[in-house]
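Asks: Residue numbers (my numbering), protein chains in the order written: chain A, 1 to 223; chain B, 1001 to 1490; chain C, 2001 to 2318; chain D, 3001 to 3696. Cβ coordinates follow ideal geometry from the N, Cα and C atoms, glycine included.
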Amino acid sequence: MFDAQSINLSLEILAVAILVTAFLIVSSRSLLFYVRLFSVQSFLLGLVAVVVATGFGEFHILVAAVLTIGVKAIAIPYVLNKIIDRIKVHKEIEFNLNITTSLLVCGLLVILADSVGKPIIDAQVMHALPVSKVLPESIAMMMIGLFIMLARKQAVSQIVGLLTLENGLFLSGLSITYGMPLIVEIGIFFDILVAALILGVFVFRINETFDTVSVDTLRRLKD
Amino acid sequence: MSTLYFSLLLGLPLLSGILCAFLKRRTLLEAITLFSTALTFVGALLLSAAVLRGTSLITPKGWFFLDALSAYIMLIVTGSAFVVSVYSIGYLRRQIVNRKVDAKMLRLYYMLLNIFLFTMLLVLISNNLGFLWIGSESTTLATAFLVAYYERESSIEAAWKYVIICSVGIGLALFGIILTYFSALHVVSSQSTALNWTSLIAVANQLNPDILKLAFVFALVGFGTKAGLAPMHTWKPDAYGEAPAPISALMAAGLVNVALYSLLRFYILVNKAVAVGFAPTLFVIFGLLSMVIAVPFILVQRDFKRLLAYSSVEHVGIIVFAFGLGTPLAYFGALLHILNNALAKLVLFLTLGNVRLAYDSKIMRRVSGAIKVIPVSATLLIVGVFAITGWPPFGVFVSEFTIVTAGFAAGNIFPSLVFIGVVATIFVGFIYYATQMVFGEPHRRIDEGDGDAFSLILIGALVAILFLLGIAIPSFLSNFIRQAVAIVQG
Amino acid sequence: MSEFVYTAVVSILQLLVVLLLAPLATGIIRKTKARLQNRRGASVVQPYYDLTKLFKKEVVLPSTASWIFRFTPYIVFGSTLAIALLVPTIATPVPFHWIGDIITVIYLFAVGRFFVALAGLDTGTAFGGLGSSREMSLASIIEPAMMLAVFTVAVTAGSTDLSIIVSRLSFTPVSIIHPSHLLAFVGLFIVTIAETGRIPVDNPATHLELTMIHEAMILEYSGRYLACIEWASQMKLFVFMALIANMFMPLGIATSFSFVALAIGLGAFIVKVSILAILVALVESSNAKLRLFRVPELLMVAFVLSLLALILYFIIGS
Amino acid sequence: MLDLPSLQFMAFHLLVGGYVLAILIAPLRDRKPFSRTNTSEGNTSQQSFLFVRYFGFGAALLASLSGLFLSMSVLTTGSALHLDLQQTLPFGSLSINVDPLAAFFLGVISLLGAVVSVYSFGYSGEYAGRKNLSLLVVLYNLFLLSMSIVVIAGNAVLFLIVWELMSLTTFFLINYEHEQRASRKAAILYIVMTHIGTAFLIVMFLLLAGTAHSFDFQSFRNSSAQLPSSIKTLIFFCALIGFGIKSGVVPFHIWLPEAHPAAPSNVSALMSGVMIKTGIYGMVRVYFDFLAPGPAWWGIVVLAVAVASAVLGVLYALMEHDLKRLLAFHSIENIGIILMGVGAAMIFMSYGNMPLATVALIAGLYHVLNHAMFKGLLFLGAGSVVSATHTRNIEELGGLVKKLPWTSAFFLIGALAISALPPLNGFVSEWLTFQALLLGFNISDLSVRVAIPIAVALLALTGALAAACFVKAFGITFLGLPRSSHAEHAHEPPRSMLVPMGVLAFACILLGVFPGSMISILTPVTTFLLGGSASALEVLNLGSLTIPQSGAGGVSPLTLVIFLVALTVLPLVLGLLLGGKLQKRAAMVWACGLEKVEPRMQYTATGFSKPIRMIFSNIFHATHEIEISEAASPFFKQQLRYELETESVFEKYFYEPMRSGVVAAAKFIRRIQTGHLQSYLLYMFIALILLLMFAR
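(1) Return the residue from the list C:F2114, C:A2149, C:A2154, C:A2119 that minimises the CA-CA distance to C:S2137.
(2) Determine the extent of the alpha helix (DSSP H) in which D:H3367 is found, giving its start and end residues.
(3) Is DSSP giving D:G3553 helix, strand or coil here?
(4) Compute the Euclidean distance between the alpha carbons of A:V110 and A:M142, then round it to the nearest angstrom.
(5) What is the residue span of the alpha helix (DSSP H) that A:D85 lies within?
(6) Taking 8 Å as the cut-off, does the CB of B:D1238 come closer than this to any heavy atom belonging to the ligand COA?
(7) Please state the DSSP three-state secondary structure of B:D1238.
(8) Shortest alpha-carbon distance to C:F2096 belongs to which of D:V3649, D:L3690, D:V3561?
(9) What is the residue span of the beta strand (DSSP E) that D:L3083 lies within?
(10) Nearest chain C C-beta to D:W3431 closer than 9 Å, yes or no?
(11) Considering only DSSP beta bridges, list what A:F95 is partnered with.
(12) Taking 9 Å as the CB-CB cut-off, is D:I3452 touching chain C?
(13) Mapping the DSSP letters down to three states, classify D:T3623 as helix, strand or coil.
(14) Please tell me whether B:V1051 and B:A1071 are closer than 9 Å, where the distance is taken between their beta carbons.
(15) Which runs of the alpha helix (DSSP H) spanning at least 4 residues fall entirely within the region 3160 to 3213 of chain D, listed in chain order?
(16) Just to make sure I have the definition right: I need the residues of chain A whose C-beta is within less than 9 Å of the C-beta of B:W1160. Which are they?
(17) Of the choices B:R1366, B:R1025, B:L1212, B:K1226, whose alpha-carbon is the least far from that of B:A1103?
(18) Assign D:R3221 to one of three DSSP states: helix, strand, or coil.
(19) With a threshold of 9 Å between beta carbons, is D:W3255 in contact with chain C?
(20) Applying a beta-carbon distance threshold of less than 7 Å, which residues of chain D neighbour C:R2134?
(21) Under 7 Å between beta-carbons, which chain A residues line up against D:H3213? List them in chain order, please.
(22) Closer than 8 Å, Cβ to Cβ, to anything on chain D: give me those residues from the region 85 to 99 of chain A, in chain order.
(23) Suppose the cutoff is 8 Å on Cβ atoms and the five residues either side in sequence are ignored; what does the same chain contact list for D:S3040 look like?
(24) Could you list the residues in the region 1018 to 1045 of chain B with a C-beta less than 9 Å from some C-beta on chain A, going in chain order?
(25) For chain D, find out if any of its Cβ atoms is closer than 9 Å to the Cβ of B:W1496; answer yes or no.
(26) With H, G and I counted as helix, E and B as strand and the rest as coil, what does DSSP make of C:T2125?
(27) Could you tell me if D:F3694 is buried or exposed, where buried requires 16 or more neighbouring beta carbons within 10 angstroms of its beta carbon?
(28) Helix, strand or coil for D:S3035, going by three-state DSSP, please let me know.
(29) Verify the CB distance criterion: does D:Y3653 have a CB-CB separation below 9 Å to chain C?
(30) Between the beta-carbon of D:S3272 and the beta-carbon of D:F3379, is there less than 9 Å?
(31) Closer than 6 Å by C-beta to C:V2191: which residues in its own chain qualify, once you throw out the five before and the five after it? Chain order, please.
(32) Answer with buried or exposed for C:C2228, where buried requires no fewer than 16 other C-beta atoms within 10 angstroms of its C-beta.
(33) Please name the residues in the region 1429 to 1440 of chain B whose beta-carbon is closer than 9 Å to at least one beta-carbon of chain D, in chain order.
(34) With distances taken from CA atoms, which of C:G2027, C:V2059, C:V2018 is nearest C:E2220?
(35) DSSP three-state call for D:D3003: helix, strand or coil?
(36) List the residues of chain A that D:F3705 touches, going by C-beta distances under 7 Å, in chain order.
Written as structure tokens, this is what we have:
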């Protein structure tokens, strides 16, 4: 087996790479590119799972790795691409925040995530417990995912934002706890797949009903 | 044995749901759903009785379990589901007559209703927090198409918002679960039980308080979203407003309590692990915020289903506030309020469903003189309005009064004053709109009749229970609640 | 035995004095006014002739009126006469003083007014209603003003019982000289003018629709009914003067039950009332009738003066 | 066997049982309780109406009579009834406690309840076939039941439950004729106001329970000494507002003139006669029983509220020409008069002068009873008028004295009583109030010495204005010529409606002429609250009342009546002596040169109150509008329309701005529900970030 330090190092590298893909999503305008980035992100996440599984001998995580790559890096991007083809919207034109500001905000979010996650990591380290240090990265991922949902107006980008948020979750789940019990993992994957499918269906319906997928038009229900 | 019980309990609605997907006959769909909800309710009753007798109900591997707290909520949920399924029959039949619903939609409805019940039960009997999460997320997924049921523009919009907001929320909750798991990994001996609530609570005081605080924050936002705590409540008026009346009723009387239950599990855990005051303070703040935020929307409102949705936000706030007070009396009040609120919400949603069918509108301005058009429903409605707004002699008064009493006794004078003020103000909105709808003369001739006798009798029974709870709490119930309080106390 | 004699003699005297001397006081006022206006005027006993004549005349009832109209003269007469039993005139304490105090007196006046006002409305004419409306409106200020003025004196004496007030004040005449009493006196005098319908508030001598108040209400009364009402209003004026006289100048009033004391009391009383009657006549002659809606201002003056008197008394103390 | 406690016990159960029986049985006989319209279908339905009426109101009569018995037994024997009910709610055991104070109010409620129940036999005939009669019966009984229990509850939770039940039933009673918009609005206003009041009461009880650690009244009593004075003050204001709203004191009175006219007249009589007194009961209970003695300024505050209520109540009443609204405004006035006594008693109590406090409290409580009698009578009279003429607008009435001789005679007695004219009951209690206030000069405190004369002055003003108002109310309604065909074709109501009015009129006379016996019944109440100084008020021979402290100022209504009667006969005798037998001749009055007197020539109610409107123009801010349409020449007017509006200061400057302010604020805050998904996510996001910062 590998020594813990090098495993942790590789985990951290992967985590940063995942974070970079999130930033790239924020800086992009093309819907297809979002999806591609998301696919890459999920693939990296799958690698994280592989590293954890092999590195710590938690082989059931391999199943999670396969699921991650299969569902998130391949199946969901495929569905999303189909949707984008069907609704014929490829570019995000308007933003709630422009790209520069968005990137700046995301930077701040990383700092916040760090300040939240760091003390916990430090506390664990102090107690000489084995821990990976990617907790701040995963918190940051979640926040950026949420931020994407806030800043973007296309329904598809919202889905991507949600999925990014969930990737952040998985990153933390894999890296700090080395995965949950298998049956739980499978259940969670199933749920997320169904959620993505349902959202995809709704995107179709929105497109049918409103002739657009900008969530700006979804403002009928208010007080 | 408990494995058998639980698989029966879960299997019944799940199988009926799957069965419904393949059936076409209306009566068959109705019968299966009625059968499954009724049996589930009976099952919940039996299991509750077992729990009350002190029988330990936990599956060998510890995935599933039932204690007084979850049994209590389960009783409310399954009871609500039974009432809703009875009501749904008449409601949907009338909608078929009105050509609002076709055979395919009917199948979808009954299938999802059963699945919805299944997912809620899954949450309630999960000992493993992972399953709890899966169940929670599944409730959203099961109801997504029910919210979008009529496929109007507004219902699709509502469903979209509902799914997105709840998914984000529940995602955050998952992070809370992961953090909890993380904190327990090194304390609990076996990794496979580190997610089990029973083992977590046993070692709660050894868990890292900082991580648990963080976990609680995420769980609060996450399950708070599902429960409709402000400021994560925003999906509620849309979803409640667009879903068919019985589904709104089941969401308000069942789903909300399931989410609260999940949140409560974390609350208990954190209270044990973290120095006093952290979680209670947050509960009091969020509870009050939810109550206060509902006020303007109830005072000025045009849509009665949205009105009820905001009332649901208010009452979730009340319950959370009460738990936040942190005394046994407050817990008692809160748990009692869960029951009372569920009963009153059922009454209101279902009677207003009848109003909706009769007037073909949920805009309150268009509804008047309901007492002349649908006298029984209108009578039950006005009684329900007084019940939900905390008037004696109805149960809500007792629970709300218990809560403020506990608030004063706990020294939380100012929050309790806000509580009283909010409850009084919300009544103003309710009675204004209720009087407008129920009394007077109808604006136009209405030929549509009232709901069917069975559902009206059932709603009447709910009102009767509310009344009885307002004058006396039967001893088995107070025992039940006391056992649940003991669990909340940790 | 002497208790009974005292009670009987003084009470009957009281009643007789008020009943018989009231027209005389009115006569004196009219005579003085006539003289002041350089007229000879009718004799001071003319009111007696008027009353006896009216008693003999036939009554013309308005066909619209009900039993209220027919009962009112008797009620007014009776309630005013009942007051005569309570207000000390020539002797104090009056034997039946325990029946009612000053509050009772004021409310007995209100009874009479209430019924007269109803009678005015009962006729169904415009004038009747007009009179009732004005009478009741003005009374709503007059009555409290009067009450306050009287209360000022009452708290000085430490009782609301008129006889006790008068007795106590007659024993300690110095206590009357109090700033608040002066205010109260002025207030009560204005009240008397207004309550008995004299100039500048009302003019009992004309029937001009623009100005009349009391007369408008009783416009439809005739014959014996009119006699009762007229006599009652004369007694009312008289009682008011007795009230002022004995509360602010209790000098000479009989405090013991003997022939001499009663005689002195009677004499002193007649003098006092005559002076007051002349004073009223002077005021009537030297003022013009006020416009109706200026009247409340005058009454407000009385009200405020009386209130001040009471507050002043409460604050300064005795 | 039949000792006193068991008799009382039976009376209590009969009281509750009677009402409950009616509530349970009445709807059963209504064959179609939920039918759309209760059209009378021949005999069976007529019979069921009769059954519902007789049984429903008969049970109420029985129950209220046993309530009266219970009350009297406590007041005369002095042995209180205490019952612990089974503990069913998590707040300790609920209890019933009929102490003298409770007994007095129970007596008042039951007395009027009994009389009105008889009236209701006849009155409810009005609704037969038109409205759901069994609903009326149920609500009516529930109303009486809750009201009775409100005053005898010995526990705050039970009190709150029945208090709210009372509000609830009155809401439905006001809303009974819900087809009318005015009724619905009145009902909403009422229930909103009273609910806000209850919120204050809940706070009050919770504050009391905070030290007492129990909701039992007994424990409040025992622990009040430990309350810090700031909390006591808070409790004082909570009670003032909470109970004040229910009793309709200014400035919380706005619901009253809307609600009382909207309810059926028998219910209005109860609402005005006794329901608003439950507020008085509450204040007396809290101020004299729980918190006694408080500082003197509490008394002054109560006095100020009282004075404002009395004066403004009567002034607004004068501007009304809706008979029932007019009476409703007079309820505000009379509540003010009652509170004057209560306030004065509080002042005296704070100075430890219990004899004076006793006089003042007796004045207040006596007026409670008296007002119940005459206001009940007046509302019943108004109900008869309304059911005979179908209008409440007195501008359309007139001349009813000939059509409804009995009703008008009873109404006149009520009018005399409420105007405090001797020898009726209103006079006695107002006399006592005057005396009580004047006794204030025994207190050396300056603020008291300024407050008392002003209160006296304004009480005097109130009395005089009330008389003016009732000259208008009686004169325009009953005297003169009928102003509309409604009034012309009116008929006397059935005997079942006349007898109750007669009973109340008789009670007004009785309570006016024999105050002594009533005061001896009140003595246990004051002894209970203020200690054993019963000698403050002496009752001498012939029912004369004397107050030793006020230098033996006294009144003897009985003797006064004898003299009044004797002296009223005197002019008859004089007339006979001077002029012989009375010669009478009827003739048409002078019609200003026209052919005959027309009803339209009469003074109107609006005209009648014009001088007062001008005198108090600062308060009314009246605006009028005259519209004249001319036919051919300016000398012949075709039509003249006169519209008058008086401003209600509180609505305009307080309630309306508050309402619109709240609505505007609500509309502003409602914008947070933007409809934008992103903003919703933003809320979550911000909440999460704030929480993360909090959690660190």
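Replies: Based on what the coordinates show:
(1) Numbered from its first residue, the third sequence carries residue 2137 of chain C at position 137. Comparing Cα-Cα distances from C:S2137 to each of C:F2114, C:A2149, C:A2154, C:A2119, the minimum goes to C:F2114.
(2) Residue 3367 of chain D sits at position 367 when you count from the first residue of the fourth sequence. Start and end: 3354 to 3389.
(3) Locating residue 3553 of chain D in the fourth sequence gives position 553, counting from the first residue. Strand.
(4) Counted from its first residue, the first sequence places residue 110 of chain A at position 110. Counted from its first residue, the first sequence places residue 142 of chain A at position 142. Taking the straight line joining both Cα atoms gives about 10 Å.
(5) Looking up residue 85 of chain A in the first sequence gives position 85. Segment 76 to 87, the alpha helix (DSSP H) holding A:D85.
(6) The model on display carries no ligand, and the ligand COA is accordingly not part of it.
(7) Counted from its first residue, the second sequence places residue 1238 of chain B at position 238. It is helical.
(8) Translated into positions along the third sequence, residue 2096 of chain C becomes position 96. Measuring from the Cα of C:F2096, the nearest candidate turns out to be D:V3561.
(9) If you number the fourth sequence from 1, residue 3083 of chain D lands on position 83. 3081 to 3084 is the extent of the beta strand (DSSP E) around D:L3083.
(10) Within the fourth sequence, the letter at position 431 stands for residue 3431 of chain D. Closer than 9 Å: yes.
(11) Walking along the first sequence from the start, residue 95 of chain A turns up at place 95. The partner list for A:F95 (beta bridge, DSSP) reads A:R152.
(12) The residue you call residue 3452 of chain D lines up with position 452 of the fourth sequence. Yes, D:I3452 lies at the interface with chain C (some Cβ there is under 9 Å from its Cβ).
(13) Residue 3623 of chain D sits at position 623 when you count from the first residue of the fourth sequence. Three-state DSSP puts D:T3623 in a strand.
(14) Your numbering for residue 1051 of chain B matches position 51 in the second sequence. Your numbering for residue 1071 of chain B matches position 71 in the second sequence. For B:V1051 and B:A1071, yes; Cβs fall inside 9 Å.
(15) 3181 to 3212
(16) As a first step, residue 1160 of chain B must be located in the second sequence, where it is residue number 160. Those are A155, Q158, L199, F202, V203, R205, I206, V215, L218, listed as they occur along chain A.
(17) To locate residue 1103 of chain B, count along the second sequence from 1; it is residue 103. Checked all of B:R1366, B:R1025, B:L1212, B:K1226; the closest Cα to B:A1103 is B:R1025.
(18) Counted from its first residue, the fourth sequence places residue 3221 of chain D at position 221. Reduced to three states, the DSSP call for D:R3221 is helix.
(19) For the purposes of this step, residue 3255 of chain D is identified with residue 255 of the fourth sequence, where counting begins at 1. No, no contact with chain C.
(20) Start at 1 with the first residue of the third sequence, and residue 2134 of chain C comes out as number 134. Those are P3611, listed as they occur along chain D.
(21) Residue mapping note: residue 3213 of chain D aligns to position 213 of the fourth sequence, counting from 1. By Cβ distance, chain A contributes nothing, its closest Cβ being about 43 Å from D:H3213, past 7 Å.
(22) N96
(23) Locating residue 3040 of chain D in the fourth sequence gives position 40, counting from the first residue. For D:S3040, the predicted structure reports a pLDDT of 43, less than 50, and the residue's modelled location is therefore unreliable. A value from the coordinates is still provided. Correct list, in chain order: Q3046, F3049, A3128, G3129.
(24) none
(25) Because chain B is modelled from 1001 through 1490, residue 1496 of chain B falls outside the range shown and cannot be assessed.
(26) For the purposes of this step, residue 2125 of chain C is identified with residue 125 of the third sequence, where counting begins at 1. Looking at C:T2125 - three-state DSSP - the assignment turns out to be coil, as it is neither helix nor strand.
(27) The residue labelled residue 3694 of chain D in the question sits at position 694 within the fourth sequence. Exposed, because fewer than 16 other Cβ atoms sit within 10 Å of the Cβ of D:F3694.
(28) In the fourth sequence, residue 3035 of chain D corresponds to position 35, counting from 1. Note that D:S3035 has pLDDT 47, beneath the 50 cutoff, so the model's placement of it is unreliable and the number below is only indicative. D:S3035: coil per DSSP, three-state reduction.
(29) As a working note, residue 3653 of chain D is residue 653 in the fourth sequence. No, its Cβ sits nowhere closer than 9 Å to a Cβ of chain C.
(30) Start at 1 with the first residue of the fourth sequence, and residue 3272 of chain D comes out as number 272. Start at 1 with the first residue of the fourth sequence, and residue 3379 of chain D comes out as number 379. Yes, these two residues count as a Cβ contact at 9 Å.
(31) The count along the third sequence starts at 1 and reaches residue 2191 of chain C at position 191. These residues qualify, in order along the chain: I2142, A2145, M2146, A2302.
(32) Locating residue 2228 of chain C in the third sequence gives position 228, counting from the first residue. Under this definition C:C2228 is a buried residue.
(33) G1429, I1431, Y1432, T1435, Q1436, V1438, F1439, G1440
(34) Reading the third sequence from its first residue, position 220 is the one you call residue 2220 of chain C. Minimum Cα distance to C:E2220 is reached at C:V2059.
(35) If you number the fourth sequence from 1, residue 3003 of chain D lands on position 3. Looking at D:D3003 - three-state DSSP - the assignment turns out to be coil, as it is neither helix nor strand.
(36) Since the first residue shown for chain D is 3001 and the last is 3696, residue 3705 of chain D is missing from the structure and cannot be characterised.
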